[in-house]
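J.: Residue numbers (UniProt numbering): 1 to 441. First, the structure itself, so that you have it in front of you.
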């Protein structure tokens, strides 16, 4: 039994002018707790089961009446036709298309690969005799239940480790057999991806004490594990000190959000207008229209791509705490990695998805492309950033709106995560970031 407790019931945890602060329910799962809760709150018995109205963050800026609620933002994101994006990523994973085809004639400079080094020379012994292999993978997010291995689920890690069992050295194989464990290898990765998230150059590593050059054998074994959904980009023998996560300098994500001309035919919420409107850049007409929407409590349903770009550019070159843009991560913690991330590059533009069936680039699906490069990313951080940027652009917020949300007191201030179908881990860098390698200038 889960009880919804109004914030006013706890004076010390009530909502403030800057936002709502939620609290966990200390009475969960017992009738005695229900009676105690009713007594503490001085409510009639049975009132504790009353369904509370949704709690929204109390924004205080001038466009607070134009900002979508969490439900409206969710409906706006998920009502899109995501199939063209899914098909495009599938073709990129298969090697039939490339991400650079989104931005002709831009070409991605591949500076993500470290210089391969010999892992062992035969004179070492013990753990120093092991051989380390760097494995770069491309996989379709819709074909797997995420990266991390979980019981009963089809994951990328589980598929890769099962295919590496034949390359485990004899000593470890005997140890696994004695413990009744399956014969599998162990891989570490640059960053775990959620279910539905595609990766084009996911970097992992696998070490073994089995001698000999196993690069081609490893590539063949993994490639045969899930053809069409999982592809080996490269396998190289590297230094024993190489670690996919700790050695990385930066990560690059791309998000493709489908745009459509029929937005007025969808119903995203009772408070949203049936009229499409793109806010011009600092135009008096746009400001007047914004004021009229606010006066009649009508929320816009479209946004300007250039506005999203301006919002994201404010994040570049800054070390900021993205705890309000993370999910499934404690906002404040004394243990574990910090919530600060350094954003090297944050841009947005409009382009067209190429397809194998249609050679005419002008007839493809229009998409908003967001490119983010940072030293690290928190859980679901990219998806929340994209959804919040679109929401703020539609509301006509100031260009520094994302920076102001960093100081919020509750994660309700940001939008729910955008769908995972549009997210793609493009590559991971192991040298200093070079802006010349970016897709969006």
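Each residue gets a CB set at the ideal place from its N, CA and C atoms; glycine is no exception.
Output yes or no for whether 8 angstroms exceeds the beta carbon distance between residue 389 and residue 312.
T.: Position 389 of the chain shown, counting from 1, holds the residue named residue 389. Position 312 of the chain shown, counting from 1, holds the residue named residue 312. Yes.
J.: Does the beta-carbon distance from residue 252 to residue 309 come in below 8 angstroms?
T.: Residue 252 sits at position 252 when you count from the first residue of the chain shown. Residue 309 sits at position 309 when you count from the first residue of the chain shown. The answer is no: Cβ separation not under 8 angstroms.
J.: With a cut-off of 8 angstroms on the beta carbons, I'd call residue 383 and residue 417 a contact; round off their distance for me.
T.: Taking the chain shown and counting its residues from 1, one reaches residue 383 at position 383. Taking the chain shown and counting its residues from 1, one reaches residue 417 at position 417. Residue 383 to residue 417, Cβ: 4 angstroms. Contact.
J.: Looking at the structure shown, is residue 340 part of a helix, part of a strand, or coil, going by DSSP?
T.: Position 340 of the chain shown, counted from the start, is the residue given in the question as residue 340. Residue state, collapsed to three classes: strand.
J.: Which partner residues of residue 304 appear in the DSSP bridge assignment?
T.: Residue numbering aside, residue 304 sits at position 304 when the chain shown is read from its first letter. DSSP lists no partner for residue 304.
J.: Kindly indicate which residue of 428, 242, 85 and 414 has the alpha-carbon position closest to the one of residue 73.
T.: On the chain shown, position 73 is the one that residue 73 refers to. The candidate whose alpha carbon is nearest that of residue 73 is 414.
J.: Which term fits residue 246, buried or exposed, when burial requires 16 or more other beta carbons within 10 angstroms of its beta carbon?
T.: Taking the chain shown and counting its residues from 1, the one referred to as residue 246 is at position 246. Answer is exposed; the Cβ neighbour count stays below 16.
J.: Taking only runs that begin and end inside the UniProt domain "Pseudouridine synthase I TruA alpha/beta" (366-430), name each unbroken alpha helix (DSSP H) of 4 or more residues, in chain order.
T.: Counting only runs of 4 or more, we get 381-395 and 401-405.
J.: When the Cα atoms are used, what is the spatial distance from residue 327 to residue 65?
T.: If you number the chain shown from 1, residue 327 lands on position 327. If you number the chain shown from 1, residue 65 lands on position 65. Roughly 25 angstroms between the two C-alpha positions.
J.: So, are the CB atoms of residue 140 and residue 258 less than 8 angstroms apart?
T.: Within the chain shown, numbered from 1, the residue matching residue 140 stands at position 140. Within the chain shown, numbered from 1, the residue matching residue 258 stands at position 258. No, these two residues do not count as a Cβ contact at 8 angstroms.
J.: So residue 237 and residue 208 are in contact, right, with Cβ under 8 angstroms, and what is the actual spacing, rounded?
T.: Against the chain shown, residue 237 aligns to sequence position 237. Against the chain shown, residue 208 aligns to sequence position 208. 11 angstroms between Cβ atoms; not a contact.
J.: DSSP has residue 319 in a bridge; who is on the other side?
T.: Walking along the chain shown from the start, residue 319 turns up at place 319. Answer is 342, bridged to residue 319.
J.: How big is the Cα-Cα spacing for residue 385 and residue 134?
T.: Start at 1 with the first residue of the chain shown, and residue 385 comes out as number 385. Start at 1 with the first residue of the chain shown, and residue 134 comes out as number 134. Cα to Cα, residue 385 sits roughly 31 angstroms from residue 134.
J.: Going residue by residue through the region 214-255, where are the continuous beta strand (DSSP E) segments of at least 3 residues, counting only ones entirely within it?
T.: Whole beta strand (DSSP E) segments, 3+ residues: 230-238.
J.: Closer than 8 angstroms is the cut-off here; do at least three beta carbon pairs connect the region 217-231 with the region 338-352?
T.: No: fewer than three Cβ pairs fall under 8 angstroms.
J.: Would you give the residue range spanned by the beta strand (DSSP E) that residue 132 belongs to?
T.: Counting from one through the chain shown, the residue named residue 132 turns up at place 132. Note, residue 132: beta strand (DSSP E), 131-139.
J.: Where does residue 206 fall in DSSP's three states?
T.: For the purposes of this step, residue 206 is taken as the residue at position 206 of the chain shown. Strand.
J.: Would you call the region 141-157 in contact with the region 95-106, where contact means no fewer than 3 C-beta pairs closer than 8 angstroms?
T.: Because the criterion of three Cβ pairs below 8 angstroms is not met, the region 141-157 and the region 95-106 do not touch.
J.: Counting pairs of Cβ atoms below 8 angstroms between the region 220-235 and the region 389-404, do you hit three or more?
T.: Contact fails: fewer than three Cβ-Cβ distances are below 8 angstroms.
J.: Using a 10 Å radius around the Cβ and a threshold of 16 neighbouring Cβ atoms, would you call residue 156 buried or exposed?
T.: As a first step, residue 156 must be located in the chain shown, where it is residue number 156. Classification for residue 156: buried.
J.: Just mark residue 356 as buried or exposed, buried being the case when its beta carbon has 16 or more other beta carbons within 10 Å.
T.: As a position in the chain shown, residue 356 is number 356, starting the count at 1. Exposed.
J.: Which whole-angstrom value is the C-beta distance of residue 200 and residue 93, which I expect to be below 8 angstroms?
T.: Locating residue 200 in the chain shown gives position 200, counting from the first residue. Locating residue 93 in the chain shown gives position 93, counting from the first residue. Their Cβ separation, rounded to whole angstroms, is 7 angstroms, which keeps residue 200 and residue 93 in contact under 8 angstroms.
J.: Quick one: measure Cβ to Cβ for residue 168 and residue 185, integer angstroms, because I've assumed they're closer than 8 angstroms.
T.: Within the chain shown, numbered from 1, the residue matching residue 168 stands at position 168. Within the chain shown, numbered from 1, the residue matching residue 185 stands at position 185. Between residue 185 and residue 168 the Cβ distance is about 6 angstroms, and since that is below 8 angstroms, they are a contact.
J.: Grab the span of the alpha helix (DSSP H) containing residue 156 for me, first residue to last.
T.: On the chain shown, residue 156 is found 156 positions in, with the first residue counted as 1. Unbroken alpha helix (DSSP H) run through residue 156: 156-163.
J.: Near residue 176, which residues of its chain fall below 8 angstroms by C-beta distance, leaving aside the five closest residues on each side in sequence?
T.: For this step, residue 176 is matched to residue 176 along the chain shown. These residues qualify, in order along the chain: 168, 182, 183 and 184.
J.: Quick one, which of 441, 427 and 406 has its alpha-carbon nearest residue 254's?
T.: The residue given as residue 254 occupies position 254 in the chain shown. Of the candidates 441, 427 and 406, the one whose C-alpha sits nearest the C-alpha of residue 254 is 427.
J.: Could you name the residues that DSSP lists as bridge partners for residue 198?
T.: Reading the chain shown from its first residue, position 198 is the one you call residue 198. Its beta-bridge partners are 424.
J.: With DSSP collapsed to three states, give me the class of residue 439.
T.: Residue 439 sits at position 439 when you count from the first residue of the chain shown. Three-state result, residue 439: coil.
J.: Could you give the distance in angstroms between the alpha-carbon of residue 165 and the alpha-carbon of residue 132?
T.: Within the chain shown, residue 165 is the residue found at index 165, counting from 1. Within the chain shown, residue 132 is the residue found at index 132, counting from 1. Cα-Cα distance, rounded: 15 angstroms.
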